[in-house]
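Each remark here refers to the structure printed beneath this line.
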Amino acid sequence: MSTPLSTRFDRFEEMFRRMMRPLAMDNDWAGDIRVDVIENDKEYQVRAAVPGVKKDDIQVSIDRNCISISTDAKPEKEAKSGNGYRTLVNEVYQGHASREMSLLHEVDDKAAVAKVEDGILTLTLPKRKDAHSKVLRIQ
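Per numbering that gives the first Met the number 0, the very first residue in the sequence shown carries number 0; after that it's consecutive.
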């Protein structure tokens with residue numbers, strides 16, 4: 000749930016992250032993928048913004064409760080440059096972006112589903128039923 004304070008903190012964190020990036024990045028946008036994560040008793044659902052990225056350029060990996068999403072959006076060739084066109088502004092997303100997160104419960108990777116539509120990657124991640132945490136008794 001987003002609160003006014005958490006939203007302000009998120010914006011501050013994003014501003015700080017951008018300031019710490021190298022200044023000369025040369026059209027590559029080495030950024031984080033923005034996500035929404037919701038859950039119910041049975042599954043997590045992750046929605047990730049991947050605008051302009053082709054399905055084949057998205058990688059998702061699951062390792063127990065760790066989820067990794069990465070993209071490699073390749074720049075489009077200047078198809079029209081031979082017809083008298085030249086690029087004036089080149090700001091469309093390209094390059095590598097990634098996001099890793101740890102969820103509270105382990106994910107059933109065999110039943111997980113990934114779909115991409117309209118620039119949104121949706122992951123449906125069922126929680127493992129046989130994953131139990133162990134409480135150690137102190138001796």
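The beta-carbon is built from N, C-alpha and C at its ideal position, and this holds for glycine as well.
query: Length of the line joining the Cα atoms of Gln58 and Asp71; result: 9 Å
query: Same chain, Cβ closer than 8 Å to Asp107, five either side skipped, listed in chain order; result: Leu124, Pro125, Lys126, Arg127, Lys128
query: Counterpart residues of Arg98 in DSSP-defined beta bridges; result: Ile68
query: Proximity of Ile68 and Leu120 at Cβ, strictly below 9 Å; result: yes
query: Range covered by the beta strand (DSSP E) that runs through Tyr43; result: 42–48
query: Through-space distance from Met100 to Gly118, alpha-carbon basis; result: 20 Å
query: Identity of the residue in His104, Val115, Ile137 nearest Tyr43 by Cα; result: His104
query: Coil, strand or helix - Asp56 by DSSP; result: helix
query: C-beta contact flag for Val45 and Asp35 at 9 Å; result: yes
query: For Thr123, the first and last residue of its enclosing beta strand (DSSP E); result: 119–125
query: DSSP three-state assignment for Glu38, whether helix, strand or coil; result: strand
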